[in-house]
RNA sequence: GCGCCUGUAGCUCAACUGGACAGAGCAUCAGCCUUCGAAGCUGAGGGUUGUGGGUUCGAACCCCGCCAGGCGCGCCA
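Residue numbers (the numbering used here): 457 to 1043.
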């Protein structure tokens, strides 16, 4: 629309990329002899709005190579440089910063583009590319607890972020449905199971008998041996044990699904460790034939101590396989079946060495060719102020309990602010708000930070929180609705965006930067970059809302501002959806 | 012992990966609802970025040494 009038068609190119391109050409043109200058021109968002909208710092970096003062370089770059329709002002400041101020009309165009573009302006750099994301991965026969929440929520956000960029995403829940614990559980089941409790809360009851059986195995040799025997029977296909095992999985999946539903999360597939069992022996063979694996103390190992990666066991001395082998088989299977460009794992920080080891083995054997990117997104452990969570101390918070508490706190606030709301609606709303608080608390910070869990922080309903963003969204929707009531014939979308007030301009610029935030969040595997952006946008919107009248403004200005509100709603709504946070119309 | 990670306001976190006076929320204090939703807004106080060196025009970020904490180092995953 406006862009046609201005004659500048920039499509879905990010503003920073567009400016980098323009400035990069200037550097190459002004200093044709310098290979360093050919690489220069990178433009980033301005640190401080006083200095303009964007900035380029490369003049300073080039000083040595060009044997010129940074300011002299910057001056040459901007002298005579004109980017009509895009840049209003270029200036050199401080030691040699090049500050860029955009044309208002360009900002307005870019903001408006978000609403008209099918992908809200998000560059489709993932089209035709496939990525497998492996996250959540709880263990069968154990209830999901607070230790699972980060992988689940961060993984789900990375999932949606990649889809937004056009990637084809295969979300795979690699559940722990195989391994030594099943011998212990089977014994526990045979001796301690309470069928009534099992029907009521399967995972909890299975965990209870597991803990009992595990405790007994520790100081009862005979019991331990029986557990081993049950496991061997299971692995050999004993009908009775197989039936129990299948039932454990079935019951666990029902509970997992219930929680995933509460969290609004869906996987494309749930292939547990057992799915790969038949391939394990072949993997070890392959490693041995490649000369990578060798026998040591009765086990088969891959020794990578020369690369400082220690030793990975791929077959235990009892002949059984372990998780390294399963992970290798899983990559092998995924590469063959899906040919992904990338496989992303979301697990806690304790597994860093394991992933380095098995990624290295994947490369050496060609199980994953160089064309497949293997990424380990690790996050810091969650702990309590007084120390770590541990089953032994009994201080583990179950995921259900956390979500229940979140919802009940939200419900209390709703009853206060909207007492007239019917109970059922209040509860639905409380679920949306409570869950968003839990999700946002996690997504708003860098995955790598160690989280010290407090109820206050995890369930915050004000300040930098999920509900703050939901509130901002609902308030905007209300503005739009009121406009429709009062001006039924009005059509804000057909009116030009007027950015006369500083805050209108700031807001429009922030809207226009949404696609960049999405891309950065996805490619750096840090959903917090998007969360930060959305919070910043909402704060700017709140100031805008507070400072300027919309519906009472004069005609024209009114439409422009209402239209801006609509753009904020579009961006907020899309952004929150990417984080897995719902956007109720009224809260 | 070796290795990986972390240390920023009283508390919880940012700082767009080396840029300009280090920013938010919570908590504290002072203001703003008979005008579009106060789960909101405006403002105040609060910092030698654990510490000592180094590299750089420029360091919270990179390098080295200490200090403190978390995690991992062969048959759990």
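All residues carry an ideal CB built from backbone N, CA and C; glycine is no exception.
Using 8 Å as the cut-off, can you tell me whether the stretch 942-952 makes contact with the stretch 1010-1029, which would need three or more C-beta pairs spanning the two stretches below that distance?
Touching, yes.
In its own chain, which residues sit with a C-beta less than 7 Å from the C-beta of residue 633, not counting the 5 before and 5 after it?
Within the same chain, residue 633 has close Cβ partners 596, 705, 728, 729 and 730.
For residue 411, does the count of other Cβ atoms within 10 angstroms reach 16, so buried, or fall short, so exposed?
No statement about residue 411 is possible, as the shown extent of the chain runs from 457 to 1043 and does not include it.
Taking only the alpha-carbon atoms, compute the straight-line gap between residue 544 and residue 558 and give it to the nearest angstrom.
Rounded to the nearest angstrom, the gap between the Cα atoms of residue 544 and residue 558 is 5 Å.
Check whether the Cβ atoms of residue 588 and residue 626 lie closer than 7 Å to each other.
In this structure, residue 626 lies closer than 7 Å to residue 588 by Cβ.
Using alpha carbons as the reference points, say which of 1034, 858 and 765 lies closest to residue 600.
Cα-wise, what sits closest to residue 600 is 858.
For my contact list, residue 549 and residue 507 are in at a C-beta cut-off of 8 Å; report their separation, rounded to the angstrom.
6 Å between Cβ atoms; contact.
Can you tell me whether DSSP reads residue 739 as helix, strand or coil?
It is helical.
Same chain only: Cβ atoms within 8 Å of residue 460, ignoring 5 sequence neighbours per side:
With a pLDDT of only 40 at residue 460, under 50, the local geometry of the prediction cannot be trusted, and no value is derived from it.
Answer yes or no: the CB of residue 1024 versus the heavy atoms of the ligand HEM, is any distance below 6 Å?
The model on display carries no ligand, and the ligand HEM is accordingly not part of it.
For residue 629, count neighbouring Cβ atoms within 10 angstroms of its own Cβ and tell me buried if that reaches 16, exposed if not.
With 16 or more Cβ atoms within 10 Å of its Cβ, residue 629 is classed as buried.
I'd like the span of the alpha helix (DSSP H) that includes residue 512, first residue to last.
From DSSP, residue 512 is part of no alpha helix (DSSP H) but of the beta strand (DSSP E) over 510-512.
Using 8 Å for Cβ pairs, my map puts residue 609 next to residue 898. What's the rounded Cβ distance?
The Cβ separation is near 5 Å, so the contact holds.
Assuming the contact rule is C-beta atoms closer than 8 Å, residue 521 and residue 552 should be a hit. Round their C-beta distance to whole Å, please.
So it is not a contact: roughly 14 Å between Cβ atoms.
Per DSSP, which residues does residue 752 bridge with? Please list them.
Beta bridge pairing from DSSP links residue 752 with 755.
Using beta-carbon positions only, say whether residue 501 and residue 579 come within less than 7 Å of one another.
Taking the C-beta atoms as reference points, residue 579 is found no nearer than 7 Å to residue 501.
Hey, quick one: how far does the beta strand (DSSP E) through residue 868 stretch, first residue to last?
Where residue 868 is concerned, there is no enclosing beta strand (DSSP E), although the alpha helix (DSSP H) it sits in stretches over 855-873.
I need the DSSP call for residue 531, collapsed to helix, strand or coil.
It is helical.
When burial is assigned at 16 or more other CB atoms within 10 Å of the CB, is residue 956 buried or exposed?
Burial call: exposed.
Going by DSSP, which residues form a beta bridge with residue 716?
For residue 716, which the question treats as bridged, DSSP gives no partner whatsoever.
Thinking just about the alpha-carbon of each residue, which of 1000, 931, 941 and 985 is nearest to the one in residue 964?
1000 is the residue among 1000, 931, 941 and 985 whose C-alpha sits nearest the C-alpha of residue 964.
Pull up the distance between the alpha-carbon of residue 457 and that of residue 816, whole angstroms please.
Here residue 457 scores only 38 on pLDDT, less than 50, and its place in the model should not be relied on; the value that follows carries that caveat. In this structure, the alpha-carbon of residue 457 lies about 52 Å from that of residue 816.
Burial state of residue 555 (16 or more Cβ within 10 Å)
Residue 555 comes out buried.
With DSSP run on the structure shown, which of helix, strand or coil describes residue 909?
Note: residue 909 maps to coil in three-state DSSP.
Entirely enclosed alpha helix (DSSP H) segments - the stretch 983-1036, minimum 4 residues:
984-1003 and 1013-1034, all fully within the stretch 983-1036.
So residue 677 is in the alpha helix (DSSP H); what residue range does that whole segment cover?
Following the DSSP letters along the chain, one finds residue 677 inside the alpha helix (DSSP H) bounded by residues 677-691.
So is residue 488 buried or exposed if we call it buried at 16+ other beta carbons inside 10 Å?
The residue in question, residue 488, is exposed, as its Cβ has fewer than 16 Cβ neighbours within 10 Å.
Simplified DSSP assignment, three categories, for residue 962:
Helix, per DSSP.
In this structure, how does DSSP classify residue 667 when only helix, strand and coil are distinguished?
When secondary structure is reduced to three states using DSSP, residue 667 falls in the helix class.
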